[in-house]
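For reference, the structure discussed in these notes is given below.
2 protein chains.
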Amino acid sequence: MDDMVRRCRDAGMNVTPQRLAVYRTLLESEEHPSPEMLYRQVRESMPSLSLATIYKALEALERLGLVHEVNVISDTKRYDANTDNHHHLVCTMCGNVADYYSDELDALVPRRRVRGFVPRSVTVNITGVCASCQQAGDH
Amino acid sequence: MDDMVRRCRDAGMNVTPQRLAVYRTLLESEEHPSPEMLYRQVRESMPSLSLATIYKALEALERLGLVHEVNVISDTKRYDANTDNHHHLVCTMCGNVADYYSDELDALVPRRRVRGFVPRSVTVNITGVCASCQQAGDH
DNA sequence: ATATATGCAAAGCTTTTGCTGAAGA
DNA sequence: TCTTCAGCAAAAGCTTTGCATATAT
Chain A
15 MDDMVRRCRD AGMNVTPQRL AVYRTLLESE EHPSPEMLYR QVRESMPSLS
65 LATIYKALEA LERLGLVHEV NVISDTKRYD ANTDNHHHLV CTMCGNVADY
115 YSDELDALVP RRRVRGFVPR SVTVNITGVC ASCQQAGDH
Chain B
15 MDDMVRRCRD AGMNVTPQRL AVYRTLLESE EHPSPEMLYR QVRESMPSLS
65 LATIYKALEA LERLGLVHEV NVISDTKRYD ANTDNHHHLV CTMCGNVADY
115 YSDELDALVP RRRVRGFVPR SVTVNITGVC ASCQQAGDH
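The listed protein sequences derive, respectively, from chains A and B. Using the working numbering, the first residue of the first sequence is number 15, and each one after it goes up by one. Using the working numbering, the first residue of the second sequence is number 15, and each one after it goes up by one.
Next up, the structure:
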């Protein structure tokens, strides 16, 4: 959180309660929430918050590099405040997104040019069925 | 294309000129088009085509496993008729998506359970800046 | 005091849906 | 003939935008 305050100031951006709340919620969340999910959650402690502000705050946090879009196939975008190098296990039944760490995978990802393309970041999305949805599938 | 006809029939689905045109266009395309891009392209030879039909055709083709959504961070979905195992280089400046093959990467991708999660398919998205956007950046 | 951000409502897109007439098997 | 599908238009999301007010610095 201190990091956020510093980065905002450095970028000439205001540190507002709304941005703090959005960022804190994202930091504490494990569920890679969508803007709508964040809206519902942050509103509990800040009822005047508007959905447009969530979108603008996410855009600001992303500009600062504090937050990333999670590259999931779903109708809405999902966000993650974990900026460590990590990947995602995406359940096609319930939509849950779990983190997945793999040093070997990270090591294989190209760090230099591929046919003129300069890689910046890599995400591996593994789709499948999570443990609880499989249990639900067994009758 | 023959494969498509067979699979449609097996699934009790009609083989319509619209579906054929959408599938052929996707097969011949290198640009991982969005529904809108397909719409513009297929309409050139089939002016009566509607956008809703594109969506329905893509859904049908996906159900048959002939087409996949490309998991790109962008405002609209992108589609791919290349069902070989491959990954994507996504340019964050122009939105272009190029294919990327890597046997080593494929080999590291989990094929068995990870903490109860059963993997089904894997996509590696490498974001960065493509060759032509870098040139455009140099003044 | 000044620049920046919020909240609201409206607009803009993308995607889905219901229905009727048309076409495939 | 009977089922499935295309086209249309309307609806339903999701996301962005403009503007007036409020807030951060």
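Even glycine gets a Cβ: it sits at the ideal position worked out from N, Cα and C.
Asked: What are the residues in the segment 124-143 of chain A lying within 9 Å of chain B by C-beta distance?; Found: Pro-124, Arg-127, Val-128, Arg-129, Gly-130, Phe-131, Val-132, Pro-133, Arg-134, Ser-135, Val-136, Thr-137, Val-138, Asn-139, Ile-140, Thr-141, Gly-142, Val-143
Asked: Going by C-alpha to C-alpha distance, which of Val-81/B, Tyr-69/B, Gln-55/B, Ser-62/B sits closest to Met-15/B?; Found: Val-81/B
Asked: Which residue or residues does DSSP assign as beta-bridge partners of Ile-140/B?; Found: Val-136/A, Leu-103/B
Asked: In the DSSP assignment, what are the bridge partners of Arg-92/B?; Found: Val-84/B
Asked: Which of helix, strand or coil does DSSP assign to Asp-16/B?; Found: helix
Asked: Does any CB atom of chain B fall closer than 8 Å to the CB of Tyr-114/A?; Found: yes
Asked: Answer with yes or no whether the minimum CB distance from Ala-145/A to chain B is below 8 Å.; Found: yes
Asked: Please confirm if the segment 102-116 of chain B is in contact with the segment 67-78 of chain B, defined as three or more CB-CB distances below 8 Å between the two stretches.; Found: no
Asked: Under 8 Å, with one C-beta from each stretch per pair, do the segment 125-142 of chain A and the segment 127-135 of chain B reach the 3-pair mark?; Found: yes
Asked: Look up Tyr-115/A in the DSSP assignment and say whether it is helix, strand or coil.; Found: coil
Asked: Anything in chain B within Cβ reach of Gln-148/A, meaning under 7 Å, just list it in chain order.; Found: Val-132
Asked: Taking Leu-119/A as the query, report the chain B residues whose CB atoms sit under 8 Å from its CB, ordered along the chain.; Found: Leu-119, Leu-122, Val-123
Asked: Output the distance between the C-alpha atoms of Arg-20/A and Gln-32/A, rounded to the nearest integer angstrom.; Found: 16 Å
Asked: Strictly below 8 Å CB to CB, what residues from chain A border Asn-85/B?; Found: Asn-85, Val-86, Ile-87, Asn-139
Asked: How would you call His-153/A, buried or exposed, if buried means at least 16 neighbouring beta carbons within 10 angstroms?; Found: For His-153/A, the predicted structure reports a pLDDT of 49, less than 50, and the residue's modelled location is therefore unreliable. The matter cannot be settled from this model.
Asked: Keeping to the same chain, check which residues put their C-beta closer than 7 Å to that of Ser-88/A; ignore five residues upstream and five downstream.; Found: Gly-109
Asked: By the DSSP assignment, the alpha helix (DSSP H) with Ala-25/B in it spans what residues?; Found: Segment: none, Ala-25/B is in no alpha helix (DSSP H) and carries neither H nor E.
Asked: By the 10 Å Cβ neighbour count, where 16 or more other Cβ atoms means buried, how is Arg-92/B classified, buried or exposed?; Found: buried
Asked: Determine the DSSP secondary structure at Val-128/A, reduced to helix, strand or coil.; Found: strand
Asked: Would DSSP call Thr-67/A helix, strand or coil?; Found: helix
Asked: How long is the line joining the alpha carbons of Ser-2/A and Leu-119/B, rounded to whole angstroms?; Found: The requested residue 2/A does not occur in the structure, where chain A is confined to residues 15 to 153.
Asked: Listed from N- to C-terminal order along the chain, which residues in the segment 93-111 of chain A have their beta-carbon within a distance smaller than 8 Å of any beta-carbon of chain B?; Found: Leu-103, Cys-105, Thr-106
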